[in-house]
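Have a look at the structure below, then the notes.
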Amino acid sequence: MILGIGLMVSIYLIFLSLPGTLNAGVSKLKNHFISRVTTLVLVIYLLFIIDSLYHWQGDVVFLDGLCKINASILTSEIYLLVLILAIVHLQAIYSRRPEFYLIILSNIIGLVYMISSNDWVITVTAWELFNLSLYLLVSINSSSEAALSAAIKYFLLSALTTTFLLLSVALLYALTGSTHYDHISLSLSMLDGNDLVQWPLLLMVITFLFKLGAAPFYNWAPDLYDAVPTTTTAWMTHIPKLAVLAFLMQIYHLLQSMELIFILAGVASLIVGSIGLGSQWRIKRFLAYSAISHLGFLLLALASLQFDSYMLYLIIYGLTSVNLFAILLAIGQAHWSGSNQREVLLITQLAGLFKSNQPLALAWSLSLFSLAGIPPLSGFYAKLSVLQAYLNLGYYWIAIIAILASVVSAANYLYLVKVSHFDLPLYSTSLSIPRSISYLISILSTFTVFFIFKPATFLILSSQLLFILDFSDLSLGLALLPLMAVRSLPSKSYAGYTNYTPGAADLYIALYSFIILIRGYFYRTIRNLITINNVFGLTYLVLSIINYLVYRLYFFLASLHLPIIFI
Numbered sequence: 026m027i028l029g030i031g032l033m034v035s036i037y038l039i040f041l042s043l044p045g046t047l048n049a050g051v052s053k054l055k056n057h058f059i060s061r062v063t064t065l066v067l068v069i070y071l072l073f074i075i076d077s078l079y080h081w082q083g084d085v086v087f088l089d090g091l092c093k094i095n096a097s098i099l100t101s102e103i104y105l106l107v108l109i110l111a112i113v114h115l116q117a118i119y120s121r122r123p124e125f126y127l128i129i130l131s132n133i134i135g136l137v138y139m140i141s142s143n144d145w146v147i148t149v150t151a152w153e154l155f156n157l158s159l160y161l162l163v164s165i166n167s168s169s170e171a172a173l174s175a176a177i178k179y180f181l182l183s184a185l186t187t188t189f190l191l192l193s194v195a196l197l198y199a200l201t202g203s204t205h206y207d208h209i210s211l212s213l214s215m216l217d218g219n220d221l222v223q224w225p226l227l228l229m230v231i232t233f234l235f236k237l238g239a240a241p242f243y244n245w246a247p248d249l250y251d252a253v254p255t256t257t258t259a260w261m262t263h264i265p266k267l268a269v270l271a272f273l274m275q276i277y278h279l280l281q282s283m284e285l286i287f288i289l290a291g292v293a294s295l296i297v298g299s300i301g302l303g304s305q306w307r308i309k310r311f312l313a314y315s316a317i318s319h320l321g322f323l324l325l326a327l328a329s330l331q332f333d334s335y336m337l338y339l340i341i342y343g344l345t346s347v348n349l350f351a352i353l354l355a356i357g358q359a360h361w362s363g364s365n366q367r368e369v370l371l372i373t374q375l376a377g378l379f380k381s382n383q384p385l386a387l388a389w390s391l392s393l394f395s396l397a398g399i400p401p402l403s404g405f406y407a408k409l410s411v412l413q414a415y416l417n418l419g420y421y422w423i424a425i426i427a428i429l430a431s432v433v434s435a436a437n438y439l440y441l442v443k444v445s446h447f448d449l450p451l452y453s454t455s456l457s458i459p460r461s462i463s464y465l466i467s468i469l470s471t472f473t474v475f476f477i478f479k480p481a482t483f484l485i486l487s488s489q490l491l492f493i494l495d496f497s498d499l500s501l502g503l504a505l506l507p508l509m510a511v512r513s514l515p516s517k518s519y520a521g522y523t524n525y526t527p528g529a530a531d532l533y534i535a536l537y538s539f540i541i542l543i544r545g546y547f548y549r550t551i552r553n554l555i556t557i558n559n560v561f562g563l564t565y566l567v568l569s570i571i572n573y574l575v576y577r578l579y580f581f582l583a584s585l586h587l588p589i590i591f592i
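Going by the numbering used here, the sequence shown opens with residue 26, and the numbers climb by one from there.
Laid out in structure tokens, this is it:
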């Protein structure tokens, strides 16, 4: 199933690459059709991966020896595609350039093959495709000198570090005689104590740290994020970094000897990010240093082999940060919809947000509080899990530095809250945002507040590296009720179980409950993107009802714990 949908995406990408498919001379109708179909391809790809997760729960499936699939890989792809859909949805509103969709599909294919690869030949090929699409993305709207300068700087430095990756793979092949991950790992264990082994691994780690924007290889990030459009900033802040972080989790058994390098890079990122926040007056540079600071926590979680904390922090930070960018884009569109400037560039432009739109200001503050690690929001539990791991390991000095860096960062986040709530507004008119964006912001804000009601549920489920939500809590259900087109699975489905532990059928139920949750959002998004005529809307509604009934049948059969195979 995964191979079939992947082949469909590849064929569609080849179609977009044909001469004349994407150019300035085509009609607006054709451009809109391409963007809408591309969004549908992403949605279908996401749903197929979610469905396929049922078949891989811890087992590894090798494809021709070069690629592999397991539950954690599929989970990483689900998470990345959810964020991609959110950013693509925002981009579809603000940009009508169809080239964007060719770039993101190339980016997706690159990151998917990079995450699922089991051989460095495939990894390097996917890495090049991944990077080439990023070069195009950062330069596609480079209308200013600063944007062009930042794009060239990123291209040159990224090309240099990619050379390091190629050199490291060549050295590993010279030492081990293989490019396969498992063969290299076995050979490196036999060469333990050989100093020559450390050099290719060090070059490899430098490449990944640069792509992540971690200290000390972070100088390109604030300049690039501030110069490019906000939607491009949102993409660069999340998709490349999260893809590399998911990839590091797959190959960390090769890099365990680099534990000290990851710890030092994590501590340096915490210090640089927290201190850099205080001197920023441009909002995207502020968020760039915020990303560096949170990257420090992620590197520390990776170095300590606490993959539960690593995955938890990855999910929480990604969703919270996307929510901040969605709010920034909504504010820019609302204030400057009739002018060329459609972006919030300065922190002072957020002044008086509470007086202009109180729910939006509340969502903005919740996201900032979560990034600051204020209890009981989700960001607090993410940071606590990393700190607790290092306290248990006896690395008290690392925990102390992380706490101090969090305190400094929290003070800077509170400054943004003060500006948006207590400063005098720059505009006397109220701020109204599109309904589709408000749904996205509401859903992401609900994830942030989810921990207030049931933190233990998410902590337990995230420890299995699976993105699952338990909707049995009444308060959460009431908060999400306006967003759902169909009610989620009732909690009575779990009645009668004692000493309950999530199993295969329960996992399947939870995942499809999540699909039903987002059905309302996807229905409105697809309806807005692909409104051909009323017949299509009616057809889609009928299909949605049929799918809902089929899902209910699946739920009933799965609750019986029968060996069901879903095709």
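No residue lacks a Cβ here, since even glycine has one placed at the ideal position from N, Cα and C. None of these values were measured; they are calculated from a predicted model.
When Cβ pairs closer than 8 Å are counted between the two stretches, the stretch 307-319 is seen not to touch the stretch 269-278, the count staying below three. Rounded to the nearest whole angstrom, the C-alpha separation of Y160 and W260 is 12 Å. The stretch 337-350 makes no contact with the stretch 375-387; the number of CB pairs closer than 8 Å stays below 3. Where Q413 is concerned, the enclosing alpha helix (DSSP H) starts and stops at S403 to L418. For S434 against A397, the beta-carbon gap comes to about 6 Å, under 8 Å, which counts as contact. Fewer than three Cβ pairs drawn from the stretch 248-257 and the stretch 214-230 lie within less than 8 Å of each other, which leaves the two stretches out of contact. Contact between the stretch 127-140 and the stretch 148-163 is present, with at least three C-beta pairs closer than 8 Å. Contact annotation: F311 and I372 have beta-carbon atoms nearer than 8 Å.
For P247, the uninterrupted alpha helix (DSSP H) segment begins and ends at W245 to A252.
Residue range I308 to A328 is occupied by the alpha helix (DSSP H) that includes L323. Secondary structure at D448: coil, using DSSP grouped into helix, strand and coil. Excluding its 5 nearest sequence neighbours in each direction, L441 has C-beta neighbours in its own chain below 6 Å: L393, listed in chain order.
Contact annotation, R307 with L375: C-beta distance approximately 12 Å; criterion of less than 8 Å not satisfied. The shortest CA-to-CA distance from Y335 to any of D144, G404 and I356 is the one to G404. Inclusion of G301 and L324 in the CB contact set at 8 Å is not warranted, their separation being larger than that value. M274: member of the alpha helix (DSSP H) spanning T255 to I276, first to last residue. Take A414, set aside five residues on each side of it, and the residues of its chain with a beta-carbon closer than 6 Å to its own are S329, Q331 and S334, in chain order. Between the alpha carbons of N417 and Q383 lies a distance of about 42 Å.
Pairwise C-beta distances place the stretch 206-214 out of contact with the stretch 165-180, as fewer than three of them are shorter than 8 Å. Spanning the alpha carbons of Y198 and K178 requires a straight line of approximately 31 Å. With contacts defined by Cβ atoms closer than 8 Å, S294 and A240 form a contacting pair. According to DSSP, residue pairing for H205 in a beta bridge involves D144. With at least 16 other beta carbons inside 10 angstroms of its own, Y464 counts as buried.
In the DSSP assignment, L371 forms a beta bridge with R307. In the displayed model, S455 falls within coil according to three-state DSSP, outside both helix and strand. Here I466 is buried, its C-beta having at least 16 other C-beta atoms within 10 Å. From the listed residues I288, P450, I165 and F235, the smallest Cα separation to E124 is found for I165.
DSSP places A424 within a helical segment (H, G or I) once states are collapsed to three.
I296 and I425 have their C-alpha atoms some 12 Å from each other. With respect to the C-alpha of I428, the residue from I140, V411, L289 and A388 having the closest C-alpha is V411. Counting the other CB atoms within 10 Å of its CB gives N244 a total below 16, which places it among the exposed residues.
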